Amino acid sequence: MGPLNFRKSLPLLLIRTERDVSSWSSDLLRQLLLSVRVEGPEGVCQVTDINKLEGEASINNRKGKLFYFFEWQLKANWLGTSCSGVKYRGTVDVSNLSD
651 MGPLNFRKSL PLLLIRTERD VSSWSSDLLR QLLLSVRVEG PEGVCQVTDI
701 NKLEGEASIN NRKGKLFYFF EWQLKANWLG TSCSGVKYRG TVDVSNLSD
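If you're matching positions, the sequence shown starts at 651 in the numbering used here and goes up one per residue.
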């Protein structure tokens with residue numbers, strides 16, 4: 651078998667690629683979750699802390715099409731204040747955030 655012709659094989663190499671974007675996705679997900687704030691006539695509630703953020707995310711390119719895969723587990727604390735000033739605290743536990 652002769653040497654691989656790079657120019658002819660290049661399109662085959664580009665058909666499928668995978669890139670790990672877990673670090674970028676984790677940073678963005680943390681930033682987005684910490685920006686969650688809900689206000690209404692009954693009061694205000696916001697995410698105050700992310701206790702756990704574990705998992706992975708990747709982007710796949712197959713035949714020129716992008717596919718996004720992610721799977722995360724997270725725990726977040728929230729703080730709410732009613733319109734009368736009563737404070738509430740809680741935790742959100744998401745065991746499987748995935749595509």
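Ideal Cβ positions, reconstructed from N, Cα and C, are used throughout, including at glycine. All figures in this text were calculated on a predicted structure; none of them were measured in a lab.
In this structure residue 682 is exposed. Its beta-carbon is surrounded by fewer than 16 other beta-carbon atoms within 10 angstroms. Residues of the same chain with a CB within less than 7 Å of the CB of residue 724, apart from the 5 flanking positions on each side, are 700, 702, 703, 744 and 747 in chain order.
By DSSP's assignment, residue 706 forms a beta bridge with 721. In the DSSP assignment, the residues bridged to residue 690 are 693. In the DSSP assignment, residue 675 falls within the alpha helix (DSSP H) that extends over 672-684. Here residue 730 carries a strand assignment [DSSP, helix/strand/coil]. In this structure, the alpha-carbon of residue 692 lies about 16 Å from that of residue 728. Under the three-state reduction of DSSP, residue 737 is assigned to strand.
It is roughly 23 Å from the alpha-carbon of residue 740 to the alpha-carbon of residue 705. In the structure shown, the three-state DSSP call for residue 749 is coil.
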